[in-house]
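Have a look at the structure below, then the notes.
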Amino acid sequence: MRSITTYTGEFLMSPRNDFAFRLLFGDPNNSDILLDLLNAILPDHFQSVVCTDPHLLIPDTKKECILDIKVLSDSGVYVDIEMQVLDLKSMEKRSLFYWAKMYLDQLNRGHSYHELKRTIVINILDYMLMPVEDLHTCFQAYDKTHDILMSDVFEIHFLELPKVHRCRVPYKGTDLLSWLTFLNAYTEEEIIMAAEGKPAIQKAYNNLQIMSLDEETRRLYEAREMFLHDQATRMYEAKEEGLEEGMKKGREEGREEEREGFVKNLLSLGMDDEFIKKATGLDQSIIDKLKKSLSLPTQ
Numbered sequence: 608m609r610s611i612t613t614y615t616g617e618f619l620m621s622p623r624n625d626f627a628f629r630l631l632f633g634d635p636n637n638s639d640i641l642l643d644l645l646n647a648i649l650p651d652h653f654q655s656v657v658c659t660d661p662h663l664l665i666p667d668t669k670k671e672c673i674l675d676i677k678v679l680s681d682s683g684v685y686v687d688i689e690m691q692v693l694d695l696k697s698m699e700k701r702s703l704f705y706w707a708k709m710y711l712d713q714l715n716r717g718h719s720y721h722e723l724k725r726t727i728v729i730n731i732l733d734y735m736l737m738p739v740e741d742l743h744t745c746f747q748a749y750d751k752t753h754d755i756l757m758s759d760v761f762e763i764h765f766l767e768l769p770k771v772h773r774c775r776v777p778y779k780g781t782d783l784l785s786w787l788t789f790l791n792a793y794t795e796e797e798i799i800m801a802a803e804g805k806p807a808i809q810k811a812y813n814n815l816q817i818m819s820l821d822e823e824t825r826r827l828y829e830a831r832e833m834f835l836h837d838q839a840t841r842m843y844e845a846k847e848e849g850l851e852e853g854m855k856k857g858r859e860e861g862r863e864e865e866r867e868g869f870v871k872n873l874l875s876l877g878m879d880d881e882f883i884k885k886a887t888g889l890d891q892s893i894i895d896k897l898k899k900s901l902s903l904p905t906q
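Each residue of the sequence shown is one higher than the one before, starting from 608 at the first, in my numbering.
Okay, structure coming up:
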C-alpha cells in the first residue's frame, strides 16, 4: 500500500494515491496550495484559481472513479489536473478526450467560437510514459514543418514521477522539483526536505498529516488502495495471458510455416498430391494453394 515511512512509524498518506491527491488539492480551502502547484508547472503565473467541481467523489471499491480536479484561473484559463496511478495504455487518447470535453463544455448554446478559452490538461503519472529522459513533456498544436503554433488553446502536460530522482539537475532550485519531490516522496524526510522554505508545500504536508489522522478518510484511502491493487493485478494478469496467447499463436504459426515449407519441398521434388496428403494430413485445397504459390498446375 502506498504510504509514507515516518520517523515515528505513524501512518501518513501518500499524495501519489489519486484519492489523497484529490482530497488534498481539490479542497476549496486549499486553493492556495493548488495555485502554487499549478504555477510551478505552468509559466502563466495565475493570481488565483477556483475549483469548478469542488464535490469530492467518494471512491467506490468496485469500480473506477474520476478523481481529476477542474479549475478556472483568474485569467480565464481552464485547467484539468490529475494524479494517474495505473499505467493506462490509452493514456494519450484519454488525455485528448478530457481536453476535448473540457473545451466543448465551455460552448453553451448561442455562444460563439471566439469565446472558447485556453484549456490545459495536466497528468501527473506514477509511471513512465514518454521515451525521453525529461520528466516534463508538453504538447501543443504545432505545424512541425514550419514551427507555427496554430493556437494556444490546446495544451497537454505529462509529469512522470519515477524520473524525479534521475532528472533533478535541469530542475535544481525550482518550485517544480520541490513539488514533484513532495508528491513522489516515500519517506517523511523527503517531504520535509521538499517543504523547506516552501510555505505552500509545508501547508500541504500539514494537511496530509491531518487527513491521515481521520479514521473515515483513512478507511476510504485504504479502500482506494485495495481497488488500485486489484486493478493493477488484473492488468498484469491480462498482459501475461496476452503474452502467453501470443507466444502460443507464434508457435502455431511457426509450425504451420514449417509444414508449408516441407510441402513446398515435396512439390518441388515432383511428389503427387495423394502422397503429400498421406504424408502431411493436409486438405487438397491447401495443397492447391501452395501449388499456386509455386506456379504449379492444380487438380
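Don't be surprised by glycine CBs; every beta carbon is placed ideally from N, CA and C.
- Considering only Met735, Tyr778, Ala807, Val760, the residue with the shortest C-alpha distance to Phe746 is Val760.
- Around the beta carbon of Phe882, fewer than 16 other beta carbons lie within 10 angstroms, which makes this residue exposed.
- Between Val656 and Ser682, the gap from beta carbon to beta carbon reaches 7 Å or more.
- Looking from the CA of Leu630, the closest CA among Arg701, Arg775, Asp821, Lys899 belongs to Asp821.
- Beta-bridge analysis with DSSP links Leu756 to Tyr749.
- Of all C-beta pairs linking the segment 610 to 628 to the segment 640 to 649, fewer than three are shorter than 8 Å, placing the two stretches out of contact.
- With a minimum length of 3 residues, the unbroken runs of beta strand (DSSP E) contained wholly in the segment 631 to 699 fall at 656 to 658, 676 to 680, 685 to 691.
- Per DSSP, the unbroken beta strand (DSSP E) holding Asn730 starts and ends at 726 to 732.
- With distances taken between CA atoms, Met757 lies nearest to Arg725 out of Trp786, Leu732, Tyr778, Arg725.
- Collapsing the DSSP output to three states places Glu762 in a strand.
- Boundaries of the alpha helix (DSSP H) around Ala801: 795 to 802.
- Of the other Cβ atoms in all chains shown, 16 or more fall within 10 Å of the Cβ of Lys770; this residue is therefore buried.
- Looking at the DSSP output, Met620 sits in a beta bridge with Ser610.
- Beta-bridge annotation (DSSP): Thr781 is not paired with any residue.
- DSSP lists Leu732 as the bridge partner or partners of Glu767.
- By DSSP's assignment, Thr788 forms no beta bridge with any residue.
- Val692 sits buried, since 16 or more C-beta atoms from the chains shown fall within 10 Å of its C-beta.
- Cβ-Cβ distances below 6 Å link Tyr734 to Asp694 in the same chain, with the five nearest sequence neighbours on each side left out; the list follows chain order.
- Between Arg831 and Phe626, the CB-CB gap stays under 7 Å.
- Straight through space, the alpha carbons of Tyr705 and Val684 are spaced by roughly 15 Å.
- Val728 is a Cβ neighbour of Ser702, given a cutoff of 7 Å.
- Residue environment analysis places Glu803 among the exposed positions, since fewer than 16 neighbouring C-beta atoms fall within 10 angstroms of its C-beta.
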